[in-house]
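Numbering (full-length UniProt numbering), first residue to last: 1 to 226. Where is the CB? At the ideal position from N, CA and C, for every residue including glycine. Please read these numbers as outputs of a predicted model, since none were measured by experiment.
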Ligand code: SAM
């Protein structure tokens, strides 16, 4: 799967891309991440990409020309123009069902804002899918883009050691509920025991215990999911 990220701060991704699952996925050529600095499309000699808002008010707005031209050029870098996603607090809220839908694409082009966001004509012209990661305001779209990448790559075949784990994750289509409690060694820690059934080797009973545990947790924490 290919991700192209358009941002004013590509360096923010360098640590993220060299760690853990994403690094392994890149090394195994299951995932590609291409970073593009929107400033490179600025027509200004100082590479300025923002300006004051018409009508007054605080902050700066990202100009339409470098953004639209950057996206259009980046989309031509592969035969598949990909699905264009703009990260914005005003978009549809990301959840696991949206992640599952995004993971059906072979290429995602992620557009990260800064300051007061993009000039409205960027949306009017490019018609991106607008996505929010929650009802709060980040300083920029980069953390939101990493959230999209992090959630989507879990569903790319081969990225997780055990394919089953993404199917039983909380919220996933295979398990709309919260996942059951997990335990590992030691069997006892500070007086807290691992439930006996998990040590029994009786797999139908273990499955029944996990299903009940998952339902009970969901009822207690997220009854809206039931
Ligand atoms: N003034 C904008 C508003 O009130 O809707 C917020 C701009 S925010 C400071 C700058 C950028 O951060 C946005 O353009 C967007 O790319 C990103 N951003 C902020 N919050 C976000 C969220 N909840 N989800 C996705 N992106 C977000």
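Identify which residue in the options has its Cα closest to the Cα of residue i.
i, options, result
"residue 218", "175, 165 and 188", "175"
"residue 5", "20, 30 and 77", "77"
"residue 102", "156, 64 and 69", "156"
"residue 25", "66, 98, 152 and 41", "152"
"residue 132", "125, 190, 140 and 144", "144"
"residue 11", "142, 192 and 172", "142"
"residue 120", "68, 45 and 79", "68"
"residue 180", "93, 213 and 172", "213"
"residue 99", "31, 171 and 74", "171"
"residue 124", "225, 191, 224 and 65", "65"
"residue 167", "2, 96, 51 and 208", "96"
"residue 59", "200, 192 and 116", "116"
Is residue i a contact residue of ligand 1, with contact defined as CB to any heavy atom under 7 Å?
i, result
"residue 16", "no"
"residue 149", "no"
"residue 198", "no"
"residue 129", "no"
"residue 139", "yes"
"residue 115", "yes"
"residue 133", "yes"
"residue 207", "no"
"residue 123", "no"
"residue 103", "no"
"residue 70", "no"
"residue 54", "no"
"residue 13", "no"
"residue 48", "no"
"residue 9", "no"
"residue 3", "no"
How about residue i: is its Cβ closer than 7 Å to a heavy atom in ligand 3?
i, result
"residue 88", "Ligands present in the displayed structure are limited to ligand 1, and ligand 3 is not among them."
Going by DSSP in three states, residue i sits in which element: helix, strand or coil?
i, result
"residue 89", "strand"
"residue 127", "coil"
"residue 183", "coil"
"residue 100", "helix"
"residue 14", "helix"
"residue 193", "strand"
"residue 110", "strand"
"residue 149", "helix"
"residue 67", "helix"
"residue 172", "coil"
Since I believe residue j is in contact with residue i (beta carbons under 8 Å), could you give me their beta-carbon distance rounded to a whole number of angstroms?
i, j, result
"residue 129", "residue 85", "5 Å"
"residue 8", "residue 28", "The Cβ separation is near 30 Å, so there is no contact."
"residue 111", "residue 71", "6 Å"
"residue 113", "residue 87", "7 Å"
"residue 109", "residue 91", "Contact flag wrong, Cβ pair sits at about 15 Å."
"residue 183", "residue 160", "In fact, because the Cβ distance is near 20 Å, the residues do not count as touching under 8 Å."
"residue 49", "residue 42", "5 Å"
"residue 178", "residue 210", "Going by Cβ atoms, the distance from residue 178 to residue 210 rounds to 11 Å, so no, they are not a contact pair."
"residue 106", "residue 1", "6 Å"
Is the shortest distance between the beta-carbon of residue i and the beta-carbons of chain C less than 8 Å?
i, result
"residue 58", "Among the chains of the structure shown, chain C does not appear; only one protein chain is present."
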